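Report on one structure; see the data block that follows.
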Amino acid sequence: MNEVVNISDVTKVYSMGDMCVEALRGVSLTVASGEFIAIMGASGSGKSTCMNIMGCLDVPTKGEYLLDGVNIGQLNKRELADLRNRKLGFVFQVFNLLPRTSARNNVELPLIYARIQTNERKTLALKALERVGLSDRADHLPNQLSGGQQQRVAIARALVNSPTIILADEPTGNLDSKTSNEVMALFTELNKQGITIIMVTHEPDIAAYASRRVLFRDGLIVSDEANSSRAAANTCVNTASVVADQSTLRDC
Amino acid sequence: MEQLWQSLKIASCALRVNKLRSFLTMLGIIIGIASVIAMVAIGAGAEHIISEQISSMGSNLILVIPGSTKTGGVQMGPGAVPTLTSDDGRAIKSECASVEASAPNIRVGGQIVYANQNWSTQITGITPDFLIVRDWAIVSGRPFTQSDVDGATKNGIIGQTIVKELFGSVDPLGKIVRIRKVPFRIIGVLKKKGQSPQGTDQDDVVMIPLPTAQRKVFGSPFPNAVGAIIVKVRNKNVLSRAEDEITTLLRQRHHISAKKDDDFTVKNLSELLSVASTSSKTMSLLLGAVASISLIVGGIGIMNIMLVSVTERTREIGIRMAVGAQEKDILLQFLTEAVLLTLCGGIIGIGVGVAGATVVSKILDWPTLVSVKAIAVAVVFSGSVGIFFGFYPARKASSLNPIDALRYE
Ligand SMILES: Nc1ncnc2c1ncn2[C@@H]1O[C@H](COP(=O)(O)OP(=O)(O)O)[C@@H](O)[C@H]1O
Ligand SMILES: [Mg+2]
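Residue numbers (our numbering), protein chains in the order written: chain A, 10 to 261; chain B, 119 to 527.
Here you go:
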């Protein structure tokens, strides 16, 4: 299997005046295509910092990062934006949808910057919303949707451009356990379809959905192991419950 | 094209979210553009009036009046001494090659009475050349002929104001009026001329033959003196040559030695009038400058609000960058927003300006000319203000770091 992410000895130092915070102190990580990784660790251990670097939103202070074989350090701003657009999809803890903008228009956002024509954009956005089970909420504004629904719109936005990797930083952090499980079932489904998923989480039962667990402590990776407790049956049940929930959603 | 359309859609959405703020931001531009349009319209109206007045005076004219502009250091004021005569007028026409017509005339205020109506007006003694130099037509009856002058007849020609004030609906031709108690017969009525550049009513006038005025009506101690000679030259290229010819001729006729000053003043009338039109141009230029300043102030208001907007929407910018927006997309988005603001302001301003100019012309009875050119300039200018003052905030938005923008609270 080919490596989609290859980070070697990456450090990140934030300097605030005369104070320096070493958020990452030499992190190396390789992710193969099609993996589902859970990144865990205490608050402040550098998980988000690492995610932002992997998402090309931020650059490392030192070290090298190859995304799909491309050395990120040699790209300019325009090329980085292009990579984010075509290869990466983001899901954030706080959803980060544009306010006063319908679900469909939110999902269309990456397509606008991919210079895709209006009609095709609409079709693709509706298809993505269908994949997350929100076809009937396409014209709703974010503040007319529940937290779980908002996060599913965000997931639809992340997958609409058929990215190689979806990066999710605590995607269930603001959701109750029932909706969390729905969202995770969705991720499992997308992963099965071949999208690599890298997800940060605090909760062990959310991490249980992943195929590999990476543990951060004080800016370093302290453990990296395959997830033996991952239950295939568990996933199937949850996928079914999402489908069931969709029908109840449509009723209300 | 598609990109521009996208940013237009995004921009109009953003502006609609904050309707009141967008309007208040536009207000500076609206006021600026409206005042430019109105000022230019009013200024153009003024120029129109002046150019009409200039052509009503007649073209290629030189005015000769008695008295020097300076006599031995003491300012005498032209026209104070009766040094010009009817014979001077005749000589100018017969001896100056560049002169086409010469109209010596004399003017005094006085009463004109018809039946039980009376009216105070200007009584002007003229020769047949007068109506030629003034480019003034007779609408009914006939002008004076040489025999009116030679015979000092008691015939009169009246202007439209006199017709209105004394005769009303009665046909004045052949009627007898008393001018300064002397009876005259009306033989002609002048065409309407309107106001002079100095603002006097040119139609409030009675004309009688020059010798009749000098000897039988005014009773001056210098029976041959005239108040002014209006000279029409053959074309405007010989204006200054004609001035020289007249000066030389009159110095000879008045026996003025080389060291002495002229006892008359020669003025180029066309030049005088063009000064008036230049000053009205300067005036509208000044008004335009004031209006431009208000446009700049409006532009600064736009810049201010755009900066606030960029700060407020930092997270939105971060989200857009995270999903792949490039610097130029963000730049275009905010620039479009600024230009849309100013263009809307500009268009509303044009509406207000045209309405304002119309109201002014209705209330003050002052003609205003709204020019297409001014409107085009206003549109271009307001768009440029948007680009100029929107660029810095847009630049600021687009140069944000994606992660900093996303994490901004
Ligand atoms: N923009 C920043 N400026 C300064 N320090 C930062 C910044 N972002 C993160 N840090 C610091 O880096 C460390 C790691 O942060 P982060 O990666 O957000 O941790 P986690 O996501 O694991 O909770 C923390 O100590 C945090 O205070
Ligand atoms: Mg974090």
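All C-beta atoms in this analysis are idealised placements derived from N, C-alpha and C, irrespective of residue type, glycine included. None of the values given here were measured: they were computed from a predicted structure.
Check your understanding: Within 7 Å: the Cβ of D178 (chain A) and any heavy atom of ligand 4?
Key -> For ligand 4, the structure offers nothing, since it holds only ligand 1 and ligand 2.
Practice item. Output the distance between the C-alpha atoms of S204 (chain B) and P184 (chain B), rounded to the nearest integer angstrom. Key: 12 Å
Check your understanding: What are the boundary residues of the beta strand (DSSP E) that includes P301 (chain B)?
Key -> Looking at the DSSP string, the run of the beta strand (DSSP E) that includes P301 (chain B) is V300 to L308.
**Study point:** Proximity of G156 (chain A) and T188 (chain A) at Cβ, strictly below 8 Å
**Key:** yes
Check your understanding: If we cut at 8 Å on Cβ distances, does R140 (chain A) have a partner in chain B?
Key -> no
Point to revise | Under 7 Å from the C-beta of R221 (chain A): neighbouring residues of chain B | key: Under the 7 Å cutoff, chain B gives no residues; its nearest Cβ is about 25 Å from R221 (chain A).
Point to revise | Neighbour flag for E430 (chain B) against chain A, beta carbons, 8 Å | key: no
Practice item. Spell out a yes or no on whether the region 298–310 of chain B and the region 264–282 of chain B are touching, meaning 3 or more CB-CB pairs, one atom from each, closer than 8 Å. Key: yes
Review point. Taking Cβ-Cβ distances shorter than 8 Å, what residues in chain B pair up with Y122 (chain A)?
Key: The answer, in chain order, is R438, V441, G442, A443, Q444 and D447.
Practice item. Could you give the DSSP three-state label for R431 (chain B): helix, strand or coil? Key: coil
Exercise for review: Name the residue from A:N11, A:D67, A:A41 and A:V13 whose alpha carbon lies nearest to the alpha carbon of L33 (chain A).
Suggested key: Of the residues A:N11, A:D67, A:A41 and A:V13, the one whose Cα lies closest to the Cα of L33 (chain A) is A:D67.
Check your understanding: Along chain B, which residues have their Cβ under 9 Å away from the Cβ of N152 (chain A)?
Key -> Scanning chain B for C-beta atoms nearer than 9 Å to the C-beta of N152 (chain A) yields nothing, as the closest lies near 13 Å away.
**Study point:** G501 (chain B) versus S412 (chain B): straight-line alpha-carbon distance, rounded
**Key:** 15 Å
Review point. Can you tell me the Cα-Cα spacing of I414 (chain B) and V503 (chain B), whole angstroms?
Key: 7 Å
Check your understanding: Do the CB positions of P329 (chain B) and F262 (chain B) come within less than 8 Å of each other?
Key -> Result no, Cβ atoms of P329 (chain B) and F262 (chain B) do not sit closer than 8 Å.
Practice item. Starting from the beta carbon of K86 (chain A), find every residue of chain B whose beta carbon is closer than 8 Å, and list them in chain order. Key: Q444 and E445
Review point. Is there contact here, the region 165–174 of chain B with the region 511–526 of chain B, by at least three beta-carbon pairs under 8 Å?
Key: no
Check your understanding: CB-CB under 6 Å to R433 (chain B), same chain, minus the five flanking residues each way: which ones, in chain order?
Key -> Y526
Review point. Can you name, in chain order, every residue of its own chain whose Cβ lies under 7 Å from the Cβ of A129 (chain B), other than the five neighbours on each side?
Key: Closer than 7 Å at the Cβ level, and outside the excluded window around A129 (chain B), lie Q451, T454, E455 and L458.
Practice item. Would you mind listing the alpha helix (DSSP H) stretches within the region 108–196 of chain A that are 4+ residues and don't spill past its ends, in chain order? Key: 112–122, 127–140 and 156–168
Check your understanding: Along the chain, where does the beta strand (DSSP E) that runs through N105 (chain A) open and close?
Key -> It is not in any beta strand (DSSP E) - N105 (chain A) carries neither H nor E in the DSSP assignment.
Exercise for review: Under the assumption that F382 (chain B) contacts I224 (chain B) (Cβ atoms under 8 Å), give the Cβ distance between them as a whole number of angstroms.
Suggested key: About 15 Å; that fails the 8 Å criterion.
Exercise for review: Measuring alpha carbon to alpha carbon, tell me which of B:T460, B:Q444, B:I423 and B:A443 ends up nearest R139 (chain B).
Suggested key: B:I423
**Study point:** Local conformation of N236 (chain A) per DSSP, three classes
**Key:** coil
Review point. Would you call S287 (chain B) buried or exposed, if buried means 16 or more other Cβ atoms sit within 10 Å of its Cβ?
Key: exposed
Practice item. May I ask you to report which of helix, strand or coil DSSP gives T203 (chain B)? Key: Reduced to three states, the DSSP call for T203 (chain B) is strand.
Point to revise | Residues bridged to T383 (chain B) (per DSSP) | key: DSSP output for T383 (chain B) lists B:I183 as bridge partner(s).
Review point. Would a check of beta-carbon distances place Q451 (chain B) closer than 8 Å to chain A?
Key: no
Review point. Near F104 (chain A), which residues of its chain fall below 7 Å by C-beta distance, leaving aside the five closest residues on each side in sequence?
Key: The residues Q159, Q160 and A163, in chain order, have a CB closer than 7 Å to that of F104 (chain A) in the same chain once the five nearest residues on each side in sequence are set aside.
**Study point:** Status (buried if at least 16 other CB within 10 Å, exposed otherwise) for D174 (chain A)
**Key:** Note that residue 174 (chain A) is Ile in the sequence shown, not Asp. The residue in question, I174 (chain A), is buried, as its Cβ has 16 or more Cβ neighbours within 10 Å.
Check your understanding: Between P222 (chain B) and L403 (chain B), what straight-line distance do the alpha-carbon atoms span, to the nearest angstrom?
Key -> 39 Å
Point to revise | From B:L367, B:L461 and B:V324, residue whose alpha carbon lies closest to that of V241 (chain B) | key: The question names Val, but residue 241 (chain B) in the sequence shown is Ile. The candidate whose alpha carbon is nearest that of I241 (chain B) is B:V324.
Check your understanding: Where DSSP assigns a beta bridge to M421 (chain B), which residues make up the other side?
Key -> Paired residues: none, contrary to the question.
**Study point:** Under the three-state DSSP convention, the category G195 (chain B) falls into
**Key:** Unreliable positioning characterises G195 (chain B) in this predicted model, as indicated by a pLDDT of 45, which lies under 50. A coordinate reading is not provided.
Practice item. Please report the residue range of the alpha helix (DSSP H) in which C59 (chain A) lies. Key: K56 to M63
Check your understanding: Does the region 232–247 of chain B come close enough to the region 288–299 of chain B to have 3 or more Cβ pairs within less than 8 Å?
Key -> yes
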